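Each remark here refers to the structure printed beneath this line.
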Ligand SMILES: Cc1cc2nc3c(=O)[nH]c(=O)nc-3n(C[C@H](O)[C@H](O)[C@H](O)COP(=O)(O)OP(=O)(O)OC[C@H]3O[C@@H](n4cnc5c(N)ncnc54)[C@H](O)[C@@H]3O)c2cc1C
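Numbering (my numbering), first residue to last: 5 to 436.
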């Protein structure tokens with residue numbers, strides 16, 4: 005009996021634990037292989053920004069990277085860690101921090117697709133004196149980092165005032181970096197202007213999927229103090245930025261787009277769609293999403309034309325048209341179709357939805373077969389009027405009733421704006 009207690013039971017327990025562990029590992033590998041092959045099929049193999057590269061000769065397949073990645077971008081195949089879903093990786097670096105053997109390093113770009121990063125000095129100033137860059141535009145894609153960089157850049161800017169200029173600093177962008185910089189500018193008593201192309205603040209977070217859980221870290225905001233948060237919903241994060249704006253009285257000129265920067269006589273001339281301003285410094289906190297591409301159709305200036313969908317419920321019961329063939333177009337059309345009474349048409353000039361995520365394609369096919377979305381391929385928008393839109397397909401014009409038009413035609417990336425301003429931009433290919 006004693007033998008049973010001392011030897012057989014522990015041995016059995018160990019054997020059961022080992023078998024359970026092997027089964028869990030096998031299941032995890034199988035799921036990793038499935039996601040990896042889907043990634044290959046869809047061609048979504050290139051990460052957008054900072055991402056992990058694993059050294060298989062060091063990796064011991066512990067799986068900590070898989071467990072700690074909040075975006076579920078990591079997997080294990082053949083006993084080694086691998087970035088199985090590069091398109092959802094946002095460069096948290098949680099995988100690298102979790103790896104017990106230091107097998108993961110974080111890099112920009114890949115051998116196949118280079119990533120352009122503007123060169124900045126330790127104070128976030130570019131090679132053009134007076135032009136600073138903070139946040140994701142500089143390559144570091146995390147909210148907390150963007151906030152820190154916005155504040156830090158402002159410390160140098162605060163020492164560079166020039167009475168000749170209209171402003172000490174013009175901050176471009178009202179995402180986390182731009183909001184933090186604006187708070188710091190107000191705290192330092194600078195003559196500042198913050199411009200934002202959208203009609204509201206929050207930056208890229210506005211484009212997160214609904215109710216996405218945002219992983220971040222506590223931050224210290226000028227004029228506000230410590231904000232303790234680690235996991236917060238997208239909606240609460242946006243609400244937080246609105247509260248910050250209301251409580252601190254920071255001012256932001258919304259619906260104002262930066263178009264060009266020019267250096268002249270020690271000042272920077274900031275060209276916007278609302279006028280040209282002279283400033284001693286500019287902080288570019290414009291992220292990497294760029295400026296929404298316009299259709300170039302007559303009537304596009306009408307207020308019913310939007311370049312992103314935030315609250316589909318406000319278009320309940322309306323005739324809605326979505327233009328585009330990427331994930332954001334499909335997601336916008338599907339979200340609108342979920343609203344009772346909304347008539348949704350999706351038009352795309354291509355013949356197929358080439359590079360969209362499989363779940364979006366499947367949901368779109370189902371919505372189309374159920375008659376919930378009217379999909380028109382090889383079709384373009386010719387003319388936009390207050391109550392209808394004229395579409396063109398292979399030379400044939402058709403009018404459809406319309407109350408809202410969402411254009412999801414991608415963005416014009418900010419790098420050409422930087423290069424035109426003389427800012428040095430480096431292309432990185434995954435090297436350290
Ligand atoms: C799907 C997704 C999920 C993510 N999840 C997380 C997460 O959980 N945790 C985390 O830390 N990070 C996350 N990130 C990354 C995070 O959103 C970014 O790192 C962060 O928003 C960068 O802040 P930013 O201020 O640099 O730029 P942005 O937030 O991109 O803000 C830039 C602002 O500049 C404006 N702008 C751009 N061009 C112009 C112009 N020409 N004129 C005027 N205004 C202009 C834009 O409209 C925008 O409001 C995620 C990103 C994505 C895409």
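By construction, the Cβ of each residue, glycine as well, lies at the ideal position given by its N, Cα and C atoms. Remember, predicted model here, so these are calculated numbers, not experimental data.
- At the C-beta level, residue 67 and residue 432 stay beyond 8 angstroms of one another.
- The stretch 65–112 contains, as complete beta strand (DSSP E) runs of 3+ residues, the segments 78–81, 84–87 and 108–111 (chain order).
- Of the other Cβ atoms in all chains shown, 16 or more fall within 10 Å of the Cβ of residue 292; this residue is therefore buried.
- Per the DSSP secondary-structure output, residue 136 pairs in a beta bridge with 129 and 287.
- Using a cutoff of 7 angstroms, the CB of residue 148 counts as near ligand 1, since one of the ligand's heavy atoms is closer than that.
- As a beta-bridge residue in DSSP terms, residue 56 pairs with 110.
- Within the same chain, 89, 92, 93, 94 and 96 come within 8 angstroms of residue 75 by CB-CB distance, once the 5 residues on both sides are set aside.
- Note on residue 24: under 16 other CB atoms within 10 angstroms of its CB, so exposed under the neighbour-count rule.
- Counting along the chain, no alpha helix (DSSP H) covers residue 403; the unbroken beta strand (DSSP E) around it starts and ends at 400–405.
- When DSSP states are grouped into helix, strand and coil, residue 319 belongs to the helix group.
- Here residue 16 is exposed: its Cβ has fewer than 16 other Cβ atoms, across all protein chains shown, within 10 Å.
- Taking each of 277, 115, 235 and 146 in turn and checking the Cα distance to residue 200, the smallest one comes out for 277.
- Contact between residue 328 and residue 411 holds: their C-beta atoms lie close to 7 angstroms from each other, under 8 angstroms.
- Our two residues, residue 172 and residue 115, have alpha carbons roughly 41 angstroms apart in a direct line.
- Within its own chain, the residues whose Cβ lies closer than 6 angstroms to the Cβ of residue 377, once the five positions on either side in sequence are excluded, are 337, 341, 348, 350 and 371, listed in chain order.
- Between residue 209 and residue 218, the beta carbon gap of about 7 angstroms places them in contact (Cβ cut-off 8 angstroms).
- Assigned with DSSP and collapsed to three states, residue 391 falls in coil, not helix or strand.
- Burial state of residue 345 is exposed, judged by a 10 Å Cβ sphere holding fewer than 16 other Cβ atoms.
- Here DSSP, grouped into helix, strand and coil, assigns residue 381 to coil.
- Within the DSSP bridge table, the entry for residue 415 names 296 as partners.
- Taken from the Cβ of residue 262, at least one heavy atom of ligand 1 lies inside 7 angstroms.
- If you check the CB distance, residue 271 and residue 166 come in under 8 angstroms.
- Using a C-beta cut-off of 8 angstroms, the stretch 150–168 makes no contact with the stretch 235–249, since fewer than three inter-stretch Cβ pairs fall below that distance.
- Three or more Cβ pairs closer than 8 angstroms define a contact, and the stretch 412–424 meets that threshold against the stretch 294–310.
- For residue 158, the enclosing alpha helix (DSSP H) starts and ends at 147–161.
- The shortest C-alpha to C-alpha distance from residue 161 to any of 64, 40 and 192 is the one to 192.
- Counting only runs of 4+ residues, the alpha helix (DSSP H) found wholly inside the stretch 167–204 occupies 180–191, in chain order.
- Ranked by Cα distance from residue 109, the first of 146, 55 and 317 is 55.
- Under the DSSP assignment, residue 331 falls in the alpha helix (DSSP H) whose first and last residues are 331–341.
- Beta-bridge partners of residue 237 (DSSP): 217.
- Here residue 11 carries a helix assignment [DSSP, helix/strand/coil].
- With the rule of 3 Cβ pairs closer than 8 angstroms, the stretch 248–256 counts as touching the stretch 180–192.
- Annotated as distal: residue 179 and residue 145, with beta-carbon spacing of 8 angstroms or more.
- Residues of the same chain with a CB within less than 7 angstroms of the CB of residue 385, apart from the 5 flanking positions on each side, are 299, 301, 327, 351, 393 and 395 in chain order.
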